[in-house]
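Here's the structure, in structure tokens; my notes come after.
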Amino acid sequence: MTANKKLLVLPGDGIGPEVMDEVERVVEWLDAKRRVTFSVERALVGGSAYDAEGTPLTDATMAKAQGADAVLLGAVGGPKWEKLPFEHRPERGLLRLRKEMALFANLRPAQVFEPLVDASSLKPDLVRGLDIMILRELTGGVYFGEPRGIETLPNGEKRGFNTQSYTTSEIERVARVGFELARKRSNKLCSVEKANVMESGVLWREVVQALGDKDYPDVELSHMYADNCAMQLVRAPKQFDVIVTDNLFGDILSDCAAMLTGSLGMLPSASLGAADESGRRKALYEPVHGSAPDIAGKGLANPLATLMSFAMMLRYSFDMDEDAALIEDAVEKLLAKGVRTADIRLEGRAPVSTQEMGKALIAELETLA
Ligand code: NAI
Ligand code: MG
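Mapping the sequence shown onto this note's numbering, position 264 (from 1) lands on 275, and the numbers just tick up by one.
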């Protein structure tokens with residue numbers, strides 16, 4: 012029996028708890044079937060935490076997140092809490108988690124499942140078999156750089172300004188995650204900036220290249236300007252394996268890459284922090300979608316984005332690559348059979364509910380394992 016993995020589950024608001032129930036079925040199934048045990052603890056985050064505990068994230072929950080081997084989150088927010096003052100708003104809970112766990116590396120895969128190849132905004136041939144990873148730096152760059160503000164100039168005109176800023180160590184730590192990811196995948200890393208017009212980009216390129224030469228000579232490293240990268244993502248996305256880029260370009264390019272797969276209900280993500288002495292990183296896994304208040308409580312939500320986030324956890328926090336692949340395989344088989352929630356329904360077939368999807372998954376896992 013391998014060591015006990017401490018998992019903190021934060022279902023959150025809206026469809027969060029519904030999709031998380033189905034993912035927890037799979038956690039329990041793995042627990043029963045495989046050679047690993049999870050100790051799962053649940054806590055509140057977001058609006059539901061505010062309602063029950065007076066704050067979107069209590070200190071006790073924060074401490075549990077810091078002590079866990081990994082955190083799995085559903086989604087936060089909804090119309091009920093939109094009028095609250097800023098510090099009580101549901102997203103403050105999520106922001107606090109990201110900040111205090113110092114999650115600087117945001118992983119956004121764009122993977123096209125064959126049965127959903129027609130959901131892409133691109134022609135099937137361009138995206139068939141697509142499996143790329145966008146790695147976005149999450150705690151630095153122009154969203155945080157100083158000075159920033161809006162000032163009034165002597166002539167009465169106003170000026171808004173922000174600062175793009177990256178230090179050597181900030182670039183190096185996210186690039187290191189990029190090289191490690193590439194080694195786990197197809198061994199190709201493309202670093203993206205605009206070194207042609209930005210000094211921070213010049214430094215970015217230098218630091219990534221030097222790290223590659225020194226520690227990762229086996230990884231095929233290339234560099235690309237961000238505007239060209241945007242073009243290439245929609246022209247020939249399969250040329251990429253892992254893309255590493257800054258906070259701003261990563262925000263845009265990861266959303267662009269996500270739409271190559273066409274379906275919000277299928278998109279997972281991971282956010283990683285610094286490695287400790289044993290090489291383990293703080294980690295938060297969550298779907299890209301929000302709390303979907305328009306369909307909450309109706310059993311319509313697609314649980315697969317959260318499930319795929321859990322599969323990422325198995326791969327990137329626990330080195331359980333085989334189990335992650337097993338889950339992905341089960342998902343692909345279900346989709347091929349036409350077992351789909353409403354957001355990805357097949358024409359001429361009735362969609363399944365959130366719960367039916369969860370149950371079908373367990374049945375599929377049983378036949379595969
Ligand atoms: P959203 O992602 O919640 O929903 C957008 C559309 O996609 C809706 O029509 C929804 O029904 C659909 N959808 C989303 N996830 C789905 C799923 N798993 N299965 C089937 N359909 C799905 O984004 P929206 O509407 O902009 O935001 C709603 C609330 O969620 C807001 O309060 C927002 O602040 C919050 N939000 C939270 C995020 C988080 O917790 N990380 C991220 C984005 C939004
Ligand atoms: Mg965005």
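Backbone N, C-alpha and C fix where the C-beta goes; we use that ideal spot for every residue, glycine too. For clarity, every value in this text was computed on a predicted model and none was experimentally measured.
Would you tell me roughly how many angstroms separate the C-alpha atoms of Met12 and Asp287, rounded to the nearest one?
The residue you call residue 12 lines up with position 1 of the sequence shown. The residue you call residue 287 lines up with position 276 of the sequence shown. Because the pLDDT at Met12 is just 49, under 50, the model does not fix this residue reliably, and the value given afterwards should be weighed accordingly. Straight-line Cα distance between these residues: approximately 23 Å.
Residue interval of the beta strand (DSSP E) (run including Met277)
In the sequence shown, residue 277 corresponds to position 266, counting from 1. Met277 -> no beta strand (DSSP E), and no H or E assigned at all.
Environment of Thr163 [buried if 16+ CB atoms lie within 10 Å]
Residue numbering aside, residue 163 sits at position 152 when the sequence shown is read from its first letter. The residue is exposed, with fewer than 16 neighbouring Cβ atoms inside 10 Å.
With DSSP as the reference, label Ile143 as helix, strand or coil.
One-based indexing of the sequence shown puts residue 143 at position 132. Strand, per DSSP.
Proximity to Thr256 [Cα-Cα], best of Met270, Ala113, Tyr236 and Leu271:
Stepping through the sequence shown from its first residue, residue 256 is reached at position 245. For the residues Met270, Ala113, Tyr236 and Leu271, the minimum Cα distance to Thr256 belongs to Tyr236.
Contact criterion: CB-CB distance below 8 Å. Does Pro135 meet it with respect to chain D?
Of the protein chains in the structure, only one exists, and it is not chain D.
So, under 8 Å CB-CB, Pro101 and Gly88 are touching, yes? Tell me the CB distance rounded to an integer number of Å.
The sequence position of residue 101 within the sequence shown is 90, counting from 1. The sequence position of residue 88 within the sequence shown is 77, counting from 1. Right, their Cβ atoms sit about 4 Å apart.
Could I get the ranges of all uninterrupted beta strand (DSSP E) runs contained in the stretch 178-221, with 3 residues as the minimum, in chain order?
Uninterrupted beta strand (DSSP E) stretches at least 3 residues long and entirely within the stretch 178-221 occur at 199-204, given in chain order.
If you follow the alpha helix (DSSP H) that Thr72 is part of, which residue opens it and which one closes it?
If you number the sequence shown from 1, residue 72 lands on position 61. For Thr72, the uninterrupted alpha helix (DSSP H) segment begins and ends at Asp70 to Gly78.
Classify Arg326: buried if its beta carbon has 16 or more other beta carbons within 10 angstroms, exposed otherwise.
In the sequence shown, counting from the first residue as 1, residue 326 sits at position 315. Burial call: buried.
Would you say Asp266 touches the ligand NAI, meaning its beta carbon is less than 7 Å from a heavy atom?
Along the sequence shown, read from residue 1 onward, the residue named residue 266 stands at position 255. Checking the Cβ of Asp266 against the ligand NAI gives no.
With distances taken between CB atoms, is the gap from Pro304 to Ala316 smaller than 8 Å?
Counting from 1 along the sequence shown, the entry for residue 304 is found at position 293. Counting from 1 along the sequence shown, the entry for residue 316 is found at position 305. Contact flag unset, no.
Cα-Cα separation between Glu29 and Ile182, rounded to whole angstroms
Numbered from 1 along the sequence shown, position 18 holds the residue referred to as residue 29. Numbered from 1 along the sequence shown, position 171 holds the residue referred to as residue 182. C-alpha separation (whole angstroms): 38 Å.
Asp136 vs Ser197 beta-carbon contact at 8 Å:
Residue numbering aside, residue 136 sits at position 125 when the sequence shown is read from its first letter. Residue numbering aside, residue 197 sits at position 186 when the sequence shown is read from its first letter. Against a cut-off of 8 Å, the Cβ pair of Ser197 and Asp136 comes out as no contact.
Any heavy atom of the ligand NAI closer than 7 Å to the beta-carbon of Val30?
If you number the sequence shown from 1, residue 30 lands on position 19. True, at least one ligand heavy atom lies under 7 Å from that Cβ.
Apply the 10 Å Cβ neighbour rule to Phe97 and answer buried if 16 or more other Cβ atoms are within range, or exposed otherwise.
Mapped onto the sequence shown, residue 97 falls at position 86. Under this definition Phe97 is an exposed residue.
Option nearest Leu259 by Cα separation, candidates Gly276, Asp238 and Leu275:
Locating residue 259 in the sequence shown gives position 248, where the first residue counts as 1. For the residues Gly276, Asp238 and Leu275, the minimum Cα distance to Leu259 belongs to Asp238.
Nearest candidate by alpha-carbon position, reference Leu264, set Ile355, Met324 and Pro120
Taking the sequence shown and counting its residues from 1, one reaches residue 264 at position 253. For Leu264, the nearest C-alpha among the options comes from Pro120.
From this set, Lys44, Arg351, Asp262 and Lys293, which residue's C-alpha is nearest Asp80's C-alpha?
By 1-based counting over the sequence shown, the position of residue 80 is 69. Answer by Cα proximity: Lys293.
Residue interval of the alpha helix (DSSP H) (run including Pro101):
Taking the first residue of the sequence shown as position 1, residue 101 is located at position 90. Start and end: Pro101 to Glu111.
Proximity to Leu372 [Cα-Cα], best of Leu345, Gly284, Ala113 and Ser364
The sequence position of residue 372 within the sequence shown is 361, counting from 1. Looking at the Cα atoms, Leu345 is the closest of the given residues.
Name, in chain order, the residues that DSSP records as bridge partners for Tyr296.
Translated into the one-based positions of the sequence shown, residue 296 becomes position 285. Beta-bridge pairing links Tyr296 to Leu83 and Ala281.
Status (buried if at least 16 other CB within 10 Å, exposed otherwise) for Gly359
Residue numbering aside, residue 359 sits at position 348 when the sequence shown is read from its first letter. An exposed status is given to Gly359, since fewer than 16 other beta-carbon atoms sit within 10 Å of its beta-carbon.
DSSP three-state call for Lys44: helix, strand or coil?
The count along the sequence shown starts at 1 and reaches residue 44 at position 33. Here Lys44 sits in helix by DSSP.
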